[in-house]
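Heads up: the structure comes next, in structure tokens.
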Amino acid sequence: MSFLSVKEMISGAQEAGLPLWEYIMVSSAEEAGISTEKSWEMMAMRLQAMKDADAGYNPALRSRSGLVGGDGGRMLNYARSGKSISGDFMGEVISAALRMGECNACMHRILAAPTAGACGVLPATLLSYAKKFDTSDDEIIRAMYVSAGFGTVIAERASIAGAEAGCQAEVGSASAMAAASLVYLHGGDEQQMAHACAIALKNMLGLVCDPVAGLVEVPCVKRNAAGAVNALAASDMAMAGISSRIPADEVIDAMAAVGETMPASLRETGNGGVAASPTGIKFREEYFGK
Amino acid sequence: MDIFDLIGPIMVGPSSSHTAGAVRIGYVARKIFREEPKKAEIILHGSFAATGRGHGTDRALVAGLLGMHPDDSRIPDSFEIAQERGLDFSFESRELRGAHPNTAKIKLIADDGRELEISAASVGGGRIEVRELAGMPMHFTADKPTLIISNNDKPGSIAKVSEVLSREKINIATFNVNRSSRGGRAIMVIECDSIVSPETLQHIADSPEILSVAFVDPD
Chain A
8 MSFLSVKEMI SGAQEAGLPL WEYIMVSSAE EAGISTEKSW EMMAMRLQAM KDADAGYNPA
68 LRSRSGLVGG DGGRMLNYAR SGKSISGDFM GEVISAALRM GECNACMHRI LAAPTAGACG
128 VLPATLLSYA KKFDTSDDEI IRAMYVSAGF GTVIAERASI AGAEAGCQAE VGSASAMAAA
188 SLVYLHGGDE QQMAHACAIA LKNMLGLVCD PVAGLVEVPC VKRNAAGAVN ALAASDMAMA
248 GISSRIPADE VIDAMAAVGE TMPASLRETG NGGVAASPTG IKFREEYFGK
Chain B
4 MDIFDLIGPI MVGPSSSHTA GAVRIGYVAR KIFREEPKKA EIILHGSFAA TGRGHGTDRA
64 LVAGLLGMHP DDSRIPDSFE IAQERGLDFS FESRELRGAH PNTAKIKLIA DDGRELEISA
124 ASVGGGRIEV RELAGMPMHF TADKPTLIIS NNDKPGSIAK VSEVLSREKI NIATFNVNRS
184 SRGGRAIMVI ECDSIVSPET LQHIADSPEI LSVAFVDPD
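As given, the protein sequences belong to chains A and B, one line each in that order.
The letter at position 188 of the first sequence is residue 195 when you use the working numbering, and the numbering goes up by one with no holes.
The letter at position 28 of the second sequence is residue 31 when you use the working numbering, and the numbering goes up by one with no holes.
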């Protein structure tokens, strides 16, 4: 079965006497008609794809429009200089998000999570966490199931498409998924995962999808860094015992409602937001030679 | 929605609709054509025409025509690979009346001059829909094992096909037939629940009135 609410997903796991990640794996495998071994293998492949994409990053690459490239490398050098404002770890996370976003814009192979445009958030948080805390691959895979579980609820109740509900549905969803799985990795319980998901998504409510010249480049790549950092903040708040006053399911519904009221110009048409700024328009005209 | 639609697909960026979906359109076109084309004339419509270049839609379509999948890291180099393999391609931007915003219309030409025209749309998340084939309206996604059979519109040809499939214990999920005119050429599109083996395809092709049999596997 598909998860229609965070509440049901968590109570379902409790009734089944399974940890949340395992409950998500078992129910989704059953729904897809595959074995749990096959499901695990598919998830492991996806973890490998994230790692491979990150390892293949090249700061010399530029996107075909020339608007994007090199910033992930720039950020990494700065983070490693020990002089960054946000500290070594957050600097690494920001760089990892930029690197993956640039890989995507430069036509490298990436893992969409949940979309290609938002592909930097999950690897930036999970892989950086694994490096810092020396986490095993198996544990990261379990965390990816947690992400996927929260993601399916968001997809069912709201949307993960920028064209439907703006960037809150892409980077916002990715951030909420990442926040829940970071809480899992850090030993939090299911309620804390739900709070982290709710807090992360709330912080991204209303975020518009306004790609300059319609390309998945500006402001998409840097928004991945925002989504990743927001996930860290939300998961740390949840781990500190801070709860979201609004339950996760209601936040997800609010995101859907905000998406419905968003004008078309702010839903991936490239006609609003920074895409409609004088510089955004200039880039578009230079690129399309209008 | 399946969890692997949330954590996945693994794909070459930057866009699931404009890149991954475009590879898939090229791939499905090639499968229906049943061989690597010598020439491909590609018309881009709507958003494919407007932002396609920046999303690599052009390279993605050619990659698919070369038989690549959306996760093939050679996609950015598809133009060069096509040149090496002797696939000549051209692009044109044109308004296609009533077409989905992300539509490509592709004419494929073989060495012996055989031609096929196919129109398909990228409908989101890397999923596609074939909208027109050999001048006939169509509506299939090719995300299930799909048979595309061209036949003379004569009584019994459908029965022949279903008989072979039933003998091989292949369950039919959906079945659609279109024809150009009564007694003319018809196209059957059959979505199956399992993979159809090359032997079975040959059995179908051997039936009278069957002109061609193509099979698109979901991966």
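We put the CB at the ideal spot given by N, CA and C, even for glycine.
Cut-off 7 Å between Cβ atoms - residues of its own chain near residue i, not counting five sequence neighbours on either side
i, result
"B/ILE112", "PRO40, LYS41, LYS42, GLU118"
"A/GLY156", "PHE10, MET16, LEU27, ILE31"
"B/ASP91", "LYS41, LYS42"
"A/GLY213", "GLN175, VAL265"
8 Å Cβ cut-off: residues of chain B touching residue i
i, result
"A/MET97", "Those within 8 Å of A/MET97 in chain B number zero; the least Cβ separation is about 24 Å."
"A/ILE31", "ILE6"
"A/ARG71", "ARG56, GLY57, GLY59"
"A/ALA112", "GLY16, PRO17"
"A/TYR294", "GLY57"
Close beta carbons around residue i, own chain, < 8 Å, minus the five adjacent residues each side
i, result
"A/ARG81", "PRO66"
"B/SER215", "ARG37, ILE152, SER153, ALA208"
"A/PHE96", "SER135, LYS139"
"B/GLY89", "LYS41"
"A/SER12", "VAL160, ARG164, ASP256"
6 Å Cβ shell around residue i - same chain, five flanking residues per side excluded
i, result
"A/LEU83", "SER102"
"A/SER135", "GLU99, VAL100, ALA103"
"A/ASN231", "ALA104, GLY108, GLY127, VAL128"
"A/MET184", "SER154, PHE157, GLY158"
"B/SER93", "GLU44"
"B/GLU194", "LYS147, THR149, ALA176, THR177"
"A/ARG53", "LEU118"
Of the residues the options, the one placed nearest residue i, counting alpha carbons only
i, options, result
"A/SER70", "B/HIS58, B/ARG134, B/ILE190", "B/HIS58"
"B/ARG56", "A/SER251, A/LEU222, A/ALA255, A/SER182", "A/LEU222"
"B/ASP196", "B/THR177, B/GLN205, B/LYS157", "B/THR177"
"B/VAL126", "B/ILE45, B/ALA145, B/GLY116, B/ALA137", "B/ALA145"
"B/LEU68", "B/ALA52, B/ASN181, B/ALA107", "B/ALA107"
"A/VAL33", "A/ILE117, A/VAL153, A/ALA62, A/GLY213", "A/VAL153"
"B/ASN105", "B/LEU47, B/ILE173, B/ALA189, B/MET4", "B/LEU47"
"B/ILE198", "B/ASN181, B/PHE51, B/ILE173, B/VAL31", "B/ILE173"
"A/MET151", "A/VAL190, A/ARG164, A/GLY173, A/GLY179", "A/VAL190"
"A/ASP144", "A/VAL225, A/GLY194, A/TRP47, A/ALA235", "A/TRP47"
"B/MET141", "B/ASN179, B/THR54, B/VAL219, B/ALA162", "B/ASN179"
"A/ASP217", "A/ARG149, A/MET57, A/GLU197, A/GLY277", "A/GLY277"
"A/ALA60", "B/PRO73, B/ILE13, B/GLY138, B/ARG170", "B/ILE13"
"A/MET244", "A/ILE92, A/PRO121, A/CYS204", "A/CYS204"
"B/VAL167", "B/SER81, B/ALA53, B/SER210", "B/SER210"
"A/ALA261", "A/PRO270, A/ALA172, A/ALA201, A/ARG116", "A/ALA172"
"B/ASN155", "B/THR54, B/ALA137, B/ALA189, B/ALA162", "B/ALA189"
Assumed close pair residue i, residue j - CB separation to whole angstroms, cut-off 8 Å
i, j, result
"A/ALA112", "B/PRO17", "5 Å"
"B/GLU212", "B/SER160", "4 Å"
"B/ALA63", "B/ALA123", "At roughly 13 Å, the Cβ-Cβ gap does not stay under 8 Å, so B/ALA63 and B/ALA123 are not in contact."
"A/ALA241", "A/ALA207", "4 Å"
"A/ALA119", "B/SER19", "6 Å"
"A/VAL75", "A/VAL228", "6 Å"
"A/ILE259", "A/VAL178", "About 15 Å; that fails the 8 Å criterion."
"B/LYS110", "B/GLU120", "5 Å"
"A/LEU133", "A/SER182", "Going by Cβ atoms, the distance from A/LEU133 to A/SER182 rounds to 12 Å, so no, they are not a contact pair."
"A/ASP256", "A/LYS14", "6 Å"
"B/HIS72", "B/PHE51", "That belief does not hold up - the Cβ atoms of B/HIS72 and B/PHE51 are roughly 19 Å apart, past 8 Å."
Amino acids of chain A, ordered along the chain, whose beta-carbon sits closer than 7 Å to that of residue i
i, result
"B/THR60", "Neighbours of B/THR60 on chain A: none; closest Cβ ~11 Å, over 7 Å."
"B/ALA53", "GLY221"
Under 7 Å by beta carbon: chain B residues contacting residue i
i, result
"A/ASN210", "Chain B residues near A/ASN210: none, gap ~20 Å exceeds 7 Å."
"A/THR122", "SER19"
"A/SER154", "ILE10"
"A/ALA56", "ILE13"
"A/SER35", "ASP5, ILE6"
"A/ALA39", "ASP5"
"A/THR159", "MET4, ILE6, LEU9"
"A/MET151", "ILE10"
"A/MET49", "PHE7"
9 Å Cβ cut-off: residues of chain A touching residue i
i, result
"B/GLY49", "What B/GLY49 touches in chain A: nothing, since even the nearest Cβ is about 11 Å away."
"B/PRO158", "Within 9 Å Cβ-Cβ: nothing; B/PRO158 doesn't reach chain A, min ~37 Å."
"B/SER81", "In chain order: nothing, as chain A lies at least about 10 Å away."
Cross-chain neighbours of residue i in chain C, by beta carbon under 7 Å
i, result
"B/GLY11", "Reference to chain C is not applicable here, since the protein chains of this structure are A and B."
Cross-chain neighbours of residue i in chain B, by beta carbon under 9 Å
i, result
"A/SER9", "MET4, ASP5"
"A/THR286", "Under the 9 Å cutoff, chain B gives no residues; its nearest Cβ is about 17 Å from A/THR286."
"A/ALA162", "MET4, ASP8, LEU9"
Where residue i meets chain A, residues with beta-carbon distance less than 8 Å
i, result
"B/PHE127", "According to the sequence shown, residue 127 of chain B is Gly rather than Phe. What B/GLY127 touches in chain A: ALA168, ALA170."
"B/SER76", "HIS115, ARG116"
- Message: Which complete alpha helix (DSSP H) runs does the segment 11-49 of chain B hold, if anything under 4 residues is left out?
- Response: Qualifying alpha helix (DSSP H) stretches, in chain order: 24-36.
- Taking only runs of the alpha helix (DSSP H) that begin and end inside the segment 173-235 of chain A, which ones reach a length of at least 4 residues, in chain order? Whole alpha helix (DSSP H) segments, 4+ residues: 178-192, 197-211.
- Scan the segment 117-156 of chain B and note each continuous alpha helix (DSSP H) run of 4 residues or more that stays entirely inside, going in chain order. Runs of the alpha helix (DSSP H) lying entirely within the segment 117-156 of chain B and spanning at least 4 residues: none are present.
- Query: Can you give, in chain order, each stretch of the alpha helix (DSSP H) that sits fully within the segment 40-110 of chain A and has at least 4 residues?
  - Reply: Entirely contained in the segment 40-110 of chain A, the alpha helix (DSSP H) runs reaching 4 residues are, in chain order, 43-62, 78-87.
- Message: Extract the residue ranges of the alpha helix (DSSP H) inside the segment 186-210 of chain B, only unbroken runs of 4 or more that lie entirely within it.
- Response: Segments of the alpha helix (DSSP H) lying fully in the segment 186-210 of chain B: 201-209.
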